[in-house]
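>
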Amino acid sequence: MAMSKKDLTDLIDKLSEKDIPLVADLVKRLIHPSDYHIPYDDEPLTEDDLQAIREAKKEYHEGKTIKFEDILDALQN
2 MAMSKKDLTD
12 LIDKLSEKDI
22 PLVADLVKRL
32 IHPSDYHIPY
42 DDEPLTEDDL
52 QAIREAKKEY
62 HEGKTIKFED
72 ILDALQN
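Residues in the sequence shown are numbered consecutively from 2, following the working numbering.
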């Protein structure tokens with residue numbers, strides 16, 4: 002028997018919260034299979050990486066970053 006999108010939606014509604022990330026990842030892979038050939042980077046963060054993250058967070062909280070909308074606007078005009 003074929004499954005409709007409604008049937009699939011009903012099944013998804015019955016998922017436990019802990020299973021949602023797994024199912025979401027599977028659906029994303031089905032929709033965009035070419036994006037998933039890139040291996041997960043599991044190397045530990047270096048001190049330089051951690052420092053860059055700290056600096057980026059600080060700049061974000063200080064409002065020193067550029068909004069994505071502003072970048073799009075600049076590219077389109």
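We treat Cβ as the ideally placed atom computed from N, Cα and C, and that holds for glycine.
Since the model is a prediction, treat every value here as computed from it, not as a measurement.
Roughly how many whole angstroms lie between the Cα atoms of Arg30 and Leu51?
Taking the first residue of the sequence shown as 1, we reach residue 30 at position 29. Taking the first residue of the sequence shown as 1, we reach residue 51 at position 50. In a straight line, the C-alpha of Arg30 is about 30 Å away from that of Leu51.
> How many whole angstroms separate the CB atoms of Lys13 and Val24, which I take to be in contact at a CB cut-off of 8 Å?
Here the question's residue 13 lines up with position 12 in the sequence shown. Here the question's residue 24 lines up with position 23 in the sequence shown. The sequence given here has Ile at residue 13, not Lys. Ile13 to Val24, Cβ: 7 Å. Contact.
> Closer than 6 Å by C-beta to His62: which residues in its own chain qualify, once you throw out the five before and the five after it? Chain order, please.
For the purposes of this step, residue 62 is identified with residue 61 of the sequence shown, where counting begins at 1. By the criterion of a C-beta distance shorter than 6 Å, His62 is surrounded by no residue of its chain, once the five residues flanking it on both sides are discounted.
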